[in-house]
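Residue numbers (my numbering): 28 to 382.
Here a beta-carbon is modelled for each residue, glycine too, at the ideal position from N, C-alpha and C.
These notes concern the structure reproduced below.
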Amino acid sequence: MILDSDFMELTDNNPDLEILRNKTIMITGATGMLARYLTEFFLYLNRLHFHLHLILIVRNEQKARRLFNGKLNDQVELLVSDLTTPLFCNKKVDLLIHAASLADPQYYRRKPVDVLLPNTLGTYYCLELARRVGTEQVLFFSSAEIYGSLNGEGPICENISGSLDPLDLRSCYSESKRMGETLCAAYARQYGIRTLCLRIFHTYGPTMNLEQDQRVFSEFLRTILESNQIVMKSSGQAKRAFCYALDMVSACLAVINRGQSAEAYNLANDEAFVSIRELAETLIRTFPERRIQLIEAERDGLSDYVENQTTTYRTVSTAKLRTLGWYPRISLEEGFRRTLHFLQQQQKKPTAGQN
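Here is the structure:
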């Protein structure tokens with residue numbers, strides 16, 4: 028299996044894994060980039076006899092069967108839902124991971140209602156299910172977007188908050204993620220459900236959909252694979268903290284084991300805080316054999332992409348997450364080296380998109 032080399036790093040003498048053994052885990056948005064990578068990790072654990080029962084919430088059953096081809100057995104259930112109606116389950120769910128979200132900015136202009144509903148109504152239905160069936164923990168995938176426009180300088184910490192214009196084009200995502208966090212905290216306080224929020228900054232990995240994802244790291248990798256070129260459609264000065272998906276999984280484990288209920292934790296690789304131009308230069312250095320060319324171009328005026336104008340030049344503090352024993356393992360160079368390698372391996376498979 029292509030991702031086994033990744034997952035072996037987290038399973039070697041890792042006591043955080045024991046909390047998962049013999050559990051029933053529900054994952055919403057299981058075919059999305061991060062949730063799919065996490066699901067692949069849980070499927071890997073079952074090959075190590077962890078006996079996880081996985082309930083995968085997906086919008087498109089055919090797509091899910093294609094992506095998880097050969098891995099859907101009696102330990103895995105598929106439930107089709109877009110999270111706009113109540114969720115029903117006839118068994119106890121020990122851990123519910125709500126990761127369903129349209130995070131790609133191309134949807135903010137075209138499908139803002141589809142963007143906000145999973146983060147608001149979908150979160151409500153997830154929490155209602157958790158309340159009914161006695162779920163032990165709910166982990167909500169939030170976003171750095173909740174910080175809005177920040178004044179001052181210094182790293183972004185969990186105890187600060189910026190302004191958001193509710194009528195702004197991007198607010199369908201950022202405001203709905205804020206409400207998702209508020210719902211989690213409210214259910215923790217009123218019903219005693221242990222809820223945890225991960226505020227996820229720029230995270231990438233081999234489960235990206237290069238054909239549809241318009242975010243900068245996806246576009247860079249797509250053009251490298253297609254033509255050994257990087258096409259930069261901005262000045263390249265904006266900075267991001269780029270985190271590899273394996274570090275996201277270890278963050279989930281740390282928060283599930285030691286996080287505080289009704290709290291949020293920044294997830295980012297603050298050791299890989301670089302500008303878009305520096306990312307391009309790093310990729311060129313990392314793959315000298317490809318002789319990558321950097322091409323500067325204007326973004327197509329017809330593009331649906333909505334650029335982030337907030338949290339653009341500020342680094343992020345992961346001090347709170349590090350108190351739980353987490354730290355980023357994968358460097359920028361190594362993360363993109365692995366991602367490109369995995370994507371190349373996928374291209375060689377007879378059915379695209381399988382791991």
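Environment of residue i [buried if 16+ CB atoms lie within 10 Å]
i	result
Val-165	buried
Pro-145	buried
Pro-193	exposed
Asn-186	exposed
Phe-95	buried
Ser-417	The question about residue 417 has no answer here: the residues shown for the chain are numbered 28 through 382.
Ser-201	buried
Thr-366	buried
Asp-31	exposed
His-368	exposed
Pro-113	exposed
Gly-97	exposed
Leu-370	buried
Residues sharing a beta bridge with residue i, DSSP
i	result
Phe-247	Its beta-bridge partners do not exist; DSSP assigns none.
Met-259	Glu-323
Cys-270	Thr-230
Tyr-383	What is shown of the chain runs 28 to 382, which leaves residue 383 out entirely.
Gln-164	Leu-122 and Arg-221
Phe-68	Its beta-bridge partners do not exist; DSSP assigns none.
Leu-99	Per DSSP, none; premise fails for Leu-99.
Ser-176	Ser-190
Ile-84	Thr-55 and Leu-106
Ile-20	The structure shown has nothing for residue 20, since the chain only spans 28 to 382.
Val-301	Arg-267
Option nearest residue i by Cα separation, candidates the options
i	options	result
Cys-224	Pro-42, Ser-169, Met-275 and Arg-159	Ser-169
Asn-73	Leu-105, Phe-34 and Gly-175	Phe-34
Thr-342	Cys-279, Ala-265 and Thr-66	Ala-265
Ala-213	Tyr-151, Asp-195 and Thr-162	Tyr-151
Beta-carbon proximity check, residue i vs residue j, cutoff 8 Å
i	j	result
Leu-177	Phe-247	no
Leu-129	Asp-121	no
Leu-79	Ile-52	yes
Ala-171	Phe-228	yes
Leu-27	Thr-250	Nothing in the structure corresponds to residue 27, since the chain is present only between 28 and 382.
Cys-279	Leu-123	no
Ile-220	Leu-154	yes
Gly-362	Arg-304	no
Gly-59	Leu-110	no
Ala-346	Ala-299	no
Asp-274	Arg-356	yes
Nearest-angstrom Cβ-Cβ length linking residue i and residue j, presumed shorter than 8 Å
i	j	result
Leu-348	Tyr-271	In fact, because the Cβ distance is near 15 Å, the residues do not count as touching under 8 Å.
Leu-70	Val-276	That belief does not hold up - the Cβ atoms of Leu-70 and Val-276 are roughly 13 Å apart, past 8 Å.
Gly-286	Leu-210	Contact flag wrong, Cβ pair sits at about 17 Å.
Asp-240	Asp-131	6 Å
Gly-207	Thr-147	6 Å
Test: residue i CB closer than 8 Å to a CB of chain C
i	result
Phe-300	In the structure shown, chain C does not exist; there is a single protein chain.
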